[in-house]
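At position 193 of the sequence shown (counting the first as 1) the number is 387 in the working numbering, and the numbers step up by one without a gap. Notes for the one structure printed next.
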Amino acid sequence: MAEFRTVAAEIRHEIDKVKGSRFLATLVPVQDEAEIDAALSRIRAEFRDATHNCWAWRLGRDSERFRYSDDGEPSGSAGRPMLQQIDGRGLTNVLAIVTRFYGGTKLGVGGLVRAYGQATSDALDHAEIATVRIRTRIEITYGYDLSNAIQSLIAATDLEVVTSEYGSNIRIEVLVPEENVNAFLDDLRDRTADRAIGRILDGGATS
Numbered sequence: 195m196a197e198f199r200t201v202a203a204e205i206r207h208e209i210d211k212v213k214g215s216r217f218l219a220t221l222v223p224v225q226d227e228a229e230i231d232a233a234l235s236r237i238r239a240e241f242r243d244a245t246h247n248c249w250a251w252r253l254g255r256d257s258e259r260f261r262y263s264d265d266g267e268p269s270g271s272a273g274r275p276m277l278q279q280i281d282g283r284g285l286t287n288v289l290a291i292v293t294r295f296y297g298g299t300k301l302g303v304g305g306l307v308r309a310y311g312q313a314t315s316d317a318l319d320h321a322e323i324a325t326v327r328i329r330t331r332i333e334i335t336y337g338y339d340l341s342n343a344i345q346s347l348i349a350a351t352d353l354e355v356v357t358s359e360y361g362s363n364i365r366i367e368v369l370v371p372e373e374n375v376n377a378f379l380d381d382l383r384d385r386t387a388d389r390a391i392g393r394i395l396d397g398g399a400t401s
């Protein structure tokens with residue numbers, strides 16, 4: 195998959211009270227579990243007087259990783275329905291946290307499932323959804339005599355140059371759409387008679 199969908203920016207939305215209880219949903223775009231842990235710590239500190247801070251997240255370019263927590267609510271009543279809302283929109287790299295302030299009336303498991311699911315769903319309705327294109331970082335090292343050929347290649351493929359270094363040779367890093375990497379490296383070899391060195395760097399980038 196060369197792209198995925200996620201929330202464009204952090205957003206918070208509160209639904210109408212449910213039998214006196216308040217439910218505030220916060221959605222956070224995340225790249226890894228370190229960002230998830232930091233966001234959870236921040237929200238817990240912000241709402242330290244809340245009864246529960248339940249959460250769910252989906253992570254990975256192929257949506258292969260997920261976790262959720264009921265944070266003291268009955269098992270299956272909070273985190274799972276929140277994750278179902280994320281999955282129902284086909285999203286990944288997103289953390290949902292629903293903060294509850296208890297209003298004095300128990301809702302039962304069914305009521306909690308509906309409340310946590312609605313809070314997440316309504317927040318997603320208000321969120322801007324972004325399609326993120328996956329790009330690969332490639333290092334190109336070449337002699338000054340190949341500058342015109344390299345610049346022509348970059349212009350023809352509309353790539354983004356992220357770093358440039360000038361020494362005995364020129365070294366640049368470019369971001370190439372993942373699906374175009376093999377074709378780009380083939381074109382690089384053809385245009386420079388295999389004299390420029392193209393190397394895929396660890397990790398990638400998204401845009």
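Virtual Cβ for every residue (Gly too), placed ideally from N, Cα, C. Since this is a predicted model, take the numbers as computed values, not measurements.
- Taking a C-beta distance under 8 Å as the contact criterion, Phe217 and Ala324 do not qualify as a contact pair.
- For Gly273 against Gly214, the beta-carbon gap comes to about 22 Å, at or over 8 Å, which does not count as contact.
- Bounds of the alpha helix (DSSP H) holding Thr351 are 341-351.
- With fewer than three CB-CB distances shorter than 8 Å, the region 324-335 does not count as touching the region 268-282.
- By the Cβ rule, the region 347-360 does not count as touching the region 231-250, because fewer than three pairs are nearer than 8 Å.
- Taking C-beta atoms as the reference points, Ala390 and Tyr336 count as a pair closer than 8 Å.
- If you check the CB distance, Gly392 and Ile348 do not come in under 8 Å.
- Thr357 has Glu367 as its beta-bridge partners, per DSSP.
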